[in-house]
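For reference, the structure discussed in these notes is given below.
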Amino acid sequence: MTKMKIDQEAIETLTKLLEGSELTELEYQQGDEKIKLKKAPAPVVEAVAPVAMSSDDQPVRAPRTDVIEGHTINAPTVGIFYTAKSPQEPPYVQVGDEVKQGQIVGVIEAMKVFTNVVADVDGVVERVLVNNEEGVEYGQPLIQIQ
């Protein structure tokens, strides 16, 4: 049996170097000795949404939805709704504010892209239906206009 020129300490150092980096493999050569280290692939974990269980004696009910009368300004895209330009700024609109068609009433951020939410009618803000920094779906009512 021949003695390796690359010692155990060097191998451990190389292993730590590989683990602490974004590299997937590392090859090291010292003289005619060569070592190749590879990271094991990360295990794939699938997220499964929990399933609500209901007993047979209780009916399953649909989620509660408020009845919204009048005109609503709806989300033009999916994302996070913001009521103001920044946390230090006042909200674009509040209950009781008069809005004009084309006025910005909020913004939605999706993947670092900001989309203005614009009033499509003139009127008065009756209710803001979502909270600041709340996730919204496409077409979801955001602001009720009277």
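Residues 1 to 146 in the UniProt record's numbering are what the sequence shown spells out, letter by letter.
Cβ atoms here follow ideal geometry from the backbone N, Cα and C, with glycine treated the same way.
Bounds of the alpha helix (DSSP H) holding E9 are 8-19.
Excluding five sequence positions before and after E109, the CB atoms of its chain that fall closer than 6 Å to its own CB belong to G79, I80, given in chain order. Relative to V107, the option among I143, D7, K36, L37 whose CA is nearest is I143. If you keep only unbroken beta strand (DSSP E) runs of at least 3 residues inside the UniProt domain "Lipoyl-binding" (70-146), you get 71-74, 79-82, 104-110, 113-118, 123-128, 134-136, 141-145. Y92 is positioned such that its CB atom lies no closer than 8 Å to that of I73.
The alpha carbon of P90 has as its nearest neighbour, out of N132, V136, K34, V113, the alpha carbon of N132. Under DSSP, L26 shares a beta bridge with L37.
With 16 or more other Cβ atoms from the protein chains shown falling within 10 Å of its own Cβ, A75 counts as buried. Residue environment: G102 is assigned as exposed (fewer than 16 neighbouring CB atoms within 10 Å of its CB, all protein chains considered). Taking the CA atoms as reference points, T24 sits about 23 Å from D32.
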